[in-house]
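J.:
In my numbering, the protein residues as written are 28 to 103.
Spelled out as structure tokens, the structure:
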């Protein structure tokens, strides 16, 4: 990642170490993806890992889409 800014990088990246996200890899309808849990069986799609290019054109699986998803198990 390249940042072009006149601000010092300490100011731009302040607090990035404290950020915590509930990301988990999931397989939904045969498509590997990374999701962020929002609670109550809802998740937001963060990114797709699929090798099938048609999956990226499907608006149902666009990053940012909120889907119904209940994880079966959480690995840490």
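Cβ atoms here follow ideal geometry from the backbone N, Cα and C, with glycine treated the same way.
Remember, predicted model here, so these are calculated numbers, not experimental data.
Report the residue from 63, 68, 69, 67 whose alpha carbon sits nearest the alpha carbon of residue 75.
T.: Residue mapping note: residue 75 aligns to position 48 of the chain shown, counting from 1. Cα-wise, what sits closest to residue 75 is 63.
J.: By how many angstroms is the C-alpha of residue 44 removed from the C-alpha of residue 34?
T.: Stepping through the chain shown from its first residue, residue 34 is reached at position 7. Stepping through the chain shown from its first residue, residue 44 is reached at position 17. For residue 34 and residue 44, the distance between alpha carbons rounds to 19 angstroms.
J.: What is the DSSP secondary structure of residue 36, reduced to helix, strand or coil?
T.: The residue given as residue 36 occupies position 9 in the chain shown. Three-state result, residue 36: helix.
J.: Considering only DSSP beta bridges, list what residue 73 is partnered with.
T.: Working through the chain shown from its first residue, we reach residue 73 at position 46. None, per the DSSP bridge assignment.
J.: DSSP has residue 61 in a bridge; who is on the other side?
T.: For the purposes of this step, residue 61 is identified with residue 34 of the chain shown, where counting begins at 1. DSSP, once it has assigned bridges, lists 52, 74 as partnering residue 61.
J.: Label residue 49 either buried or exposed according to how many other C-beta atoms from any shown protein chain fall within 10 Å of its C-beta, with 16 as the threshold for buried.
T.: Mapped onto the chain shown, residue 49 falls at position 22. It is exposed - the Cβ of residue 49 has fewer than 16 other Cβ atoms within 10 Å.
J.: Answer yes or no: do residue 94 and residue 70 have a C-beta to C-beta separation smaller than 9 angstroms?
T.: Stepping through the chain shown from its first residue, residue 94 is reached at position 67. Stepping through the chain shown from its first residue, residue 70 is reached at position 43. Yes. Within cutoff.
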